[in-house]
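Student: Position 249, counted from 1, in the sequence shown is what our numbering calls 793; the numbers after and before it change by one each time, with no gaps.
Cβ coordinates follow ideal geometry from the N, Cα and C atoms, glycine included.
It should be emphasised that the depicted structure is a prediction, and the values quoted were computed from it without experimental measurement.
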Amino acid sequence: MSSERARELIVGGDLAQIDGFNPLAEVESLNGVRVYDVGQGDSIAILDNRDRPVLQIDYGGRQDSPFRDQSSEYIDKCMPAGDCRLVMVTHWDEDHWCSAARAAAVRGATWLVPRQVTSPRAVRFSTELTDVSCIPESRVGQAFCFKAMNGDEVWWEKIAASEPDASKHEDCNRTGVALAVVKRTPSGEGTVILVPGDAPFGRVRYYEHLRAQKLTLRGLVAFHHGSRSHWTEATRRLLRTWPVNRWDVRTVFSCSRDNPFRHPHVENYEEEMGETIEIVRTPSCRVGNDRYIDIAF
545 MSSERARELI
555 VGGDLAQIDG
565 FNPLAEVESL
575 NGVRVYDVGQ
585 GDSIAILDNR
595 DRPVLQIDYG
605 GRQDSPFRDQ
615 SSEYIDKCMP
625 AGDCRLVMVT
635 HWDEDHWCSA
645 ARAAAVRGAT
655 WLVPRQVTSP
665 RAVRFSTELT
675 DVSCIPESRV
685 GQAFCFKAMN
695 GDEVWWEKIA
705 ASEPDASKHE
715 DCNRTGVALA
725 VVKRTPSGEG
735 TVILVPGDAP
745 FGRVRYYEHL
755 RAQKLTLRGL
765 VAFHHGSRSH
775 WTEATRRLLR
785 TWPVNRWDVR
795 TVFSCSRDNP
805 FRHPHVENYE
815 EEMGETIEIV
825 RTPSCRVGND
835 RYIDIAF
């Protein structure tokens, strides 16, 4: 018997009008990013000027999930994504979408997802969504922008092409979606929050473009839950050279308290960014009975 896991290709139509697509067109402005405590995994909301979730990034959580024995109504209440203008999946590893399989409201939202070779469970879940489109593989490596009414931006790109042959293994971390939230001043200066999913910072081409604009790094969600995998010189250089304000970079590690991967490896970030960062781990939410950590502009 083969030890290889069964893999299938995400099905569904491509988003036809991707160039003109802007789910934030009627959003006044953006306040920042909310990282939910989901145990091992990611679930992140981008907030409007009233701190309401308007764009949901992933909806996961597996090991040590606070939703393990909870109802769909409870999950909907804790992570209110049903009224979001869009739900995006960064990649199809289960810890980035599996809470949505047990929730209700989020499955009725509009979804934009990468087409990847992944597990049969993920493929089956994607076919159960009411309104889902795939990012066209022909647009891989291109940066797209959702813009709020005041000019605040959410930039995103699918960083690499997926494996078209479902019989071959695909490392979904290396072919997923990475995002950045940008707030600019009238003079062109601004701040940025990085939301990379599991994509290593050094593999996101548009991040280098934002760094070169000398936008101040306000905060980030550590890629791959603080993993040390794919910790390359390109990632080190990007973090080491990004303009920051001292003590002002909120760095959130979304992971479970105890996990077999030994996440997070905080020392990697401390080595490159030193005293400029504020380290926050999602397991700390449960000490005060909180549900999330915010990175505000």
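Hey, which unbroken runs of the beta strand (DSSP E) at 3 residues or more fall wholly within the stretch 655-739?
Tutor: Segments of the beta strand (DSSP E) lying fully in the stretch 655-739: 675-678, 688-691, 697-702, 721-728, 734-739.
Student: Given that a residue counts as buried once 16 or more other Cβ atoms are within 10 Å of its Cβ, and exposed if not, what is M545?
Tutor: Taking the first residue of the sequence shown as 1, we reach residue 545 at position 1. Confidence at M545 is low in this model, with a pLDDT of 38, below 50, so the placement of that residue should be treated as unreliable; the coordinate-derived value is given next. Under this definition M545 is an exposed residue.
Student: For D835, which of H809, G818, S798, L782 has the nearest alpha-carbon?
Tutor: For the purposes of this step, residue 835 is taken as the residue at position 291 of the sequence shown. Rather than Asp, the amino acid found at residue 835 in this sequence is Arg. Comparing Cα positions, the closest option is S798.
Student: Which class does F805 belong to by DSSP, given the choice of helix, strand or coil?
Tutor: In the sequence shown, residue 805 corresponds to position 261, counting from 1. The answer is coil: DSSP assigns F805 none of H, G, I, E or B.
Student: Measuring CB to CB, does V796 end up less than 8 Å from V765?
Tutor: Here residue 796 is taken as the residue at index 252 of the sequence shown, counted from 1. Here residue 765 is taken as the residue at index 221 of the sequence shown, counted from 1. Yes. Within cutoff.
Student: Can you tell me which residues form a DSSP beta bridge with M632?
Tutor: Position 88 of the sequence shown holds residue 632. Beta-bridge pairing links M632 to I601, L656.
Student: Can you round the beta-carbon distance between R780 and E816 to whole angstroms, since I take them to be within the 8 Å contact cut?
Tutor: Numbered from 1 along the sequence shown, position 236 holds the residue referred to as residue 780. Numbered from 1 along the sequence shown, position 272 holds the residue referred to as residue 816. Rounded, the Cβ-Cβ distance is 5 Å, consistent with contact.
Student: Quick check: the Cα distance between C829 and N593, rounded to an integer number of angstroms?
Tutor: Numbered from 1 along the sequence shown, position 285 holds the residue referred to as residue 829. Numbered from 1 along the sequence shown, position 49 holds the residue referred to as residue 593. Rounded to the nearest angstrom, the two C-alpha atoms are 23 Å apart.
Student: Looking at A589: is its Cβ nearer than 8 Å to the Cβ of D620?
Tutor: Your numbering for residue 589 matches position 45 in the sequence shown. Your numbering for residue 620 matches position 76 in the sequence shown. Cβ atoms of A589 and D620: not closer than 8 Å.
Student: Between G530 and R825, what straight-line distance do the alpha-carbon atoms span, to the nearest angstrom?
Tutor: In this structure the chain extends from 545 to 841, so residue 530 is not present and cannot be described.
Student: Since Y836 sits in a beta bridge, which residues does DSSP pair it with?
Tutor: Numbered from its first residue, the sequence shown carries residue 836 at position 292. The partner list for Y836 (beta bridge, DSSP) reads Y580.
Student: Whose CA, out of T776, L754, N803, lies closest to the CA of P787?
Tutor: For the purposes of this step, residue 787 is taken as the residue at position 243 of the sequence shown. Checking every option, the nearest Cα to that of P787 belongs to L754.
Student: In the DSSP output, which residue or residues are listed as bridge partners for E552?
Tutor: Taking the first residue of the sequence shown as position 1, residue 552 is located at position 8. Its beta-bridge partners are T662.
Student: Please classify G763: does DSSP put it in a helix, a strand, or coil?
Tutor: Locating residue 763 in the sequence shown gives position 219, where the first residue counts as 1. Correct three-state label for G763: strand.
Student: Determine, using beta carbons only, whether Q510 and C716 come nearer to each other than 8 Å.
Tutor: The question about residue 510 has no answer here: the residues shown for the chain are numbered 545 through 841.
Student: In terms of alpha-carbon separation, which member of A840, H640, L599 lies closest to S609?
Tutor: On the sequence shown, position 65 is the one that residue 609 refers to. Of the candidates A840, H640, L599, the one whose C-alpha sits nearest the C-alpha of S609 is H640.
Student: With the cut-off set at 8 Å, would you say V667 and E570 are in Cβ contact?
Tutor: Numbered from 1 along the sequence shown, position 123 holds the residue referred to as residue 667. Numbered from 1 along the sequence shown, position 26 holds the residue referred to as residue 570. No. Outside cutoff.
Student: Check T785 in the structure and name its three-state DSSP category.
Tutor: Here residue 785 is taken as the residue at index 241 of the sequence shown, counted from 1. T785: helix per DSSP, three-state reduction.
Student: Alpha carbon to alpha carbon, how far is E714 from E822?
Tutor: As a first step, residue 714 is located in the sequence shown; it is residue number 170 there, counting from the start. As a first step, residue 822 is located in the sequence shown; it is residue number 278 there, counting from the start. E714 and E822: Cα-Cα distance of roughly 34 Å.
Student: Let me check one thing: in DSSP terms, what residues is V650 bridge-paired to?
Tutor: The sequence position of residue 650 within the sequence shown is 106, counting from 1. V650 pairs with nothing; no bridge assigned.
Student: Measuring straight from C-alpha to C-alpha, what distance separates T634 and S731?
Tutor: The residue labelled residue 634 in the question sits at position 90 within the sequence shown. The residue labelled residue 731 in the question sits at position 187 within the sequence shown. When rounded, the distance between both Cα atoms is 32 Å.
Student: Anyone know if the C-beta pair for G583 and Q607 falls short of 8 Å?
Tutor: Locating residue 583 in the sequence shown gives position 39, where the first residue counts as 1. Locating residue 607 in the sequence shown gives position 63, where the first residue counts as 1. Yes, the Cβ-Cβ distance between G583 and Q607 is below 8 Å.
Student: Buried or exposed: where does K712 fall if 16 or more other Cβ atoms within 10 Å of its Cβ makes it buried?
Tutor: In the sequence shown, residue 712 corresponds to position 168, counting from 1. Per the 10 Å Cβ criterion, exposed.
Student: For G695 and T729, what's the separation of their Cα atoms in angstroms?
Tutor: Walking along the sequence shown from the start, residue 695 turns up at place 151. Walking along the sequence shown from the start, residue 729 turns up at place 185. When rounded, the distance between both Cα atoms is 9 Å.
Student: Under a Cβ-count criterion, where at least 16 other Cβ atoms within 10 Å of its own Cβ denotes burial, should S547 be classed as buried or exposed?
Tutor: As a position in the sequence shown, residue 547 is number 3, starting the count at 1. Because the pLDDT of S547 is 46, which lies under 50, any placement of that residue in the model is unreliable, and the number read from its coordinates should be weighed accordingly. Answer is exposed; the Cβ neighbour count stays below 16.
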